[in-house]
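J.: This is the structure I have questions about; it appears just below.
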Amino acid sequence: MANEGNDLVKKENIPENEEEIEPARVFNLPDKAPKNYKIIANPEEEALDKINKEILDDPDYKEVDDLTDHLEAFKKKFLEFDKDANGNIDMFGLSRMMEKLGQAKTHLEMKKMIREIDTTNTGSICYRDFITMMIGPKTSVLKLILLFEEKMKEKEKPTGVAPKRDLASLP
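Everything in the sequence shown is counted per this note's numbering, starting at -16 for the first residue and increasing by one.
The following block contains the structure:
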């Protein structure tokens, strides 16, 4: 009776001594892994780079200062909150963005923010809409929040001992 359960296990792939277990044999894998692996670039990032190039070539944006630097920063911010990598920031991504910035919003407030920006009427923010919002003249709530957050990052409080000052230099 004790040996009946052992008949159910395929003994050809599992050695008697547990120290000898080789994963390739247990799972019927080839002895050597193929060596033709290559690193695949992020396709979404490539698509955003293509859009950035189109914007750089667009004469409407020629007067924007430091456009290349701005586009790179906006791309990083967009990729940070587009977790499902579909090229859109949806309600969940916007919620995560607002919470991370310390500006948690209600569902209705976020819907309104998306509606302000969304030109495709998909209920999400595509990269082109995001860039138009950030660079364009129209002001939206999301733009103000993101710009405010960038301004707060720029100010770093000095560390260490304060410099010596005389009475004449005090306010």
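Quick reminder that beta carbons are idealized off the backbone N, C-alpha and C, glycines included.
1) CA-CA distance, Ile114 and Leu54?
2) Between the region 73 to 82 and the region 101 to 114, do at least 3 Cβ pairs fall closer than 8 angstroms?
3) Hey, could you find the ends of the alpha helix (DSSP H) Tyr155 is sitting in?
4) Looking only at C-alpha atoms, which of Glu37, Ala87, Ile118 and Lys59 sits nearest to Glu28?
5) I'd like the list of long-range same chain contacts for Met93, defined as Cβ closer than 8 angstroms, with 5 residues on each side in sequence excluded.
6) Who are the Cβ neighbours of Ile97 in its own chain at under 8 angstroms, not counting the five residues just before and after it?
7) With the cut-off set at 9 angstroms, would you say Ile100 and Leu125 are in Cβ contact?
8) List the endpoints of the continuous alpha helix (DSSP H) containing Ser78.
9) Using the DSSP secondary-structure output, state which residues sit across from Asn71 in a beta bridge.
10) Rounded to a whole number of angstroms, what is the C-alpha to C-alpha distance between Ala151 and Asn69?
11) Which class does Tyr20 belong to by DSSP, given the choice of helix, strand or coil?
T.: Straight from the coordinates:
1) 8 angstroms
2) Output reads yes: the region 101 to 114 touches the region 73 to 82.
3) The structure shown does not extend to residue 155, since the chain is modelled only from -16 through 154, so no value can be given for it.
4) Nearest C-alpha to Glu28 among Glu37, Ala87, Ile118 and Lys59: Lys59.
5) Met74, Leu77, Ser78 and Met81
6) Hits under 8 angstroms: Met74, Leu77, Gly106, Ser107 and Ile108.
7) yes
8) Met74 to Lys83
9) Cys109
10) Using only the alpha carbons, I get a separation of about 59 angstroms.
11) Here the model assigns Tyr20 a pLDDT of 49, short of 50, so the residue's position is not dependable, and the following value carries that caveat. In the structure shown, Tyr20 sits in coil (DSSP, three-state: anything other than H, G, I, E or B).
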